[in-house]
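Residue numbers (our numbering): 6 to 255. For glycine and all other residues, C-beta sits at the position ideal for the given N, C-alpha and C. Encoded as structure tokens, the structure appears first; notes follow it.
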């Protein structure tokens, strides 16, 4: 990419940071001590095959074309910035966007598992956002489950020939919402003393929903804006990863 193109991408990420900024509060990532040790280990084990496949996917992507590292790094930076911005909820908790939809759309969900766990490790260590013992649970919800839904929604919309920007919006928004559904289920499995797992899941969803619904819409819009910027200034890079077909720009 030229310097002008890189500045444009940086501006898009900065735009996401400015419009996603909120007051600092307790992190939405599951914090240390919120899950029993057995659950922490179980979620970590479940993540292992996805992470191995994700490492192979990124390695192949970079081996095919070293220039892809620019888009990979940008996708990782977007996840870090947008998921570090915590928005307080009227219910006493807080929420944040995930940013994983962009990477899932560009490189597939497996690659995002690696980007996501790297971000989660840095956030846990440097920002006290999430935890090390709960890393497996957070990785599964934000870096695996959400991206798979985003990728699936995007491909489904493509199959029905929906406008690409609408595809991106729906993929990013629904992937964000699904992440919080999984997080609610994870918490409900560990804390369901009254009413069972289903009732506990509904309660946790009720805590996150007031803030997360508008955030999911905002994430969809921001992701579309970044895709538009990439289509304008990084067409070659998007063609090289197969996001844009060569005949489409003739």
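Exercise. In chain order, which continuous runs of the alpha helix (DSSP H) of length 4 or greater are located wholly inside the region 59 to 88?
Worked result: 73 to 88
Got a sec, what are the start and stop residues for the alpha helix (DSSP H) residue 167 sits in?
-> As a first step, residue 167 is located in the chain shown; it is residue number 162 there, counting from the start. Looking at the DSSP string, residue 167 is not in any alpha helix (DSSP H), and its letter there is neither H nor E.
Original post:
Considering only C-alpha positions, which residue in the set 124, 50, 100 and 73 is nearest to residue 86?
Top reply: Within the chain shown, the letter at position 81 stands for residue 86. Nearest of 124, 50, 100 and 73 to residue 86, Cα basis: 124.
Given residue 51 as reference, the closest of 118, 183, 244 and 203 once Cα atoms are compared: For the purposes of this step, residue 51 is identified with residue 46 of the chain shown, where counting begins at 1. For residue 51, the nearest C-alpha among the options comes from 118.
Fill in: Between the CA atoms of residue 168 and residue 79 - distance to the nearest angstrom
The sequence position of residue 79 within the chain shown is 74, counting from 1. The sequence position of residue 168 within the chain shown is 163, counting from 1. Roughly 24 angstroms between the two C-alpha positions.
Q: Measure from the alpha carbon of residue 44 to the alpha carbon of each residue in 139, 60 and 133, then state which is nearest.
A: The residue you call residue 44 lines up with position 39 of the chain shown. Among 139, 60 and 133, the Cα nearest to that of residue 44 belongs to 139.
> My guess is that residue 84 and residue 120 are in contact by the Cβ rule of under 8 angstroms, so how many angstroms apart are they, rounded?
Replying inline: Against the chain shown, residue 84 aligns to sequence position 79. Against the chain shown, residue 120 aligns to sequence position 115. About 6 angstroms separates the two Cβ atoms, so the contact holds.
| message | Less than 7 angstroms between C-beta atoms, sequence neighbours within five positions excluded: which residues of the same chain meet that for residue 154? | response | In the chain shown, the residue the question calls residue 154 occupies position 149. Counting only Cβ-Cβ distances below 7 angstroms, and skipping sequence neighbours, we find 179, 180 and 183.
From which residue to which residue does the alpha helix (DSSP H) around residue 244 run? Along the chain shown, read from residue 1 onward, the residue named residue 244 stands at position 239. Start and end: 240 to 245.
**OP:** Measure the C-alpha to C-alpha separation of residue 202 and residue 149 and round it to an integer number of angstroms.
**Re:** Here residue 202 corresponds to residue number 197 of the chain shown, with the count starting at 1. Here residue 149 corresponds to residue number 144 of the chain shown, with the count starting at 1. C-alpha separation (whole angstroms): 22 angstroms.
Closer than 7 angstroms by C-beta to residue 221: which residues in its own chain qualify, once you throw out the five before and the five after it? Chain order, please. On the chain shown, residue 221 is found 216 positions in, with the first residue counted as 1. For residue 221, where only same-chain residues beyond five positions count, the Cβ hits under 7 angstroms are 178, 181 and 182.
| Excluding sequence positions up to five away, which residues of its chain have a Cβ less than 7 angstroms from the Cβ of residue 243? | To locate residue 243, count along the chain shown from 1; it is residue 238. Here the set comprises 235, 236 and 249.
Output needed for residue 74: all residues of its chain with C-beta closer than 7 angstroms, excluding positions within five of it in sequence on either side, in chain order. Here residue 74 refers to the residue found at position 69 when the chain shown is read from its first residue. If we look at residue 74 and ignore the five residues flanking it on each side, its Cβ neighbours are 67.
Q) Apart from the five residues just before and just after residue 115, which ones in its own chain have a Cβ nearer than 6 angstroms to its Cβ? A) Translated into positions along the chain shown, residue 115 becomes position 110. Closer than 6 angstroms at Cβ, skipping near neighbours: 58, 59 and 62.
- For residue 110 versus residue 146, is the C-beta distance shorter than 7 angstroms? Here residue 110 refers to the residue found at position 105 of the chain shown. Here residue 146 refers to the residue found at position 141 of the chain shown. No; because the gap between Cβ atoms is not below 7 angstroms, this pair is not in contact.
Review point. What is the DSSP secondary structure of residue 137, reduced to helix, strand or coil?
Key: Sequence index remark: in the chain shown, residue 137 carries index 132 (1-based). Of the three classes helix, strand and coil, the one that applies to residue 137 here is coil, per DSSP.
Hey, how far is the Cα of residue 107 from the Cα of residue 194?
For this step, residue 107 is matched to residue 102 along the chain shown. For this step, residue 194 is matched to residue 189 along the chain shown. Going by the C-alpha atoms only, they are around 29 angstroms apart.
Cβ shell of residue 126 (< 6 angstroms), same chain only, five flanking positions each side left out: Here residue 126 is taken as the residue at index 121 of the chain shown, counted from 1. Cβ neighbours of residue 126 beyond the five flanking positions: none.
Among residues of its own chain, excluding the 5 on either side of residue 88, which ones have a beta-carbon nearer than 6 angstroms to its beta-carbon?
For the purposes of this step, residue 88 is taken as residue 83 along the chain shown, with counting starting at 1. Cβ within range, chain order: 101, 103 and 104.
Residues in the same chain with beta-carbon distance under 6 angstroms from residue 190, minus the five sequence neighbours each way, listed in chain order, please.
Residue numbering aside, residue 190 sits at position 185 when the chain shown is read from its first letter. These residues qualify, in order along the chain: 206.
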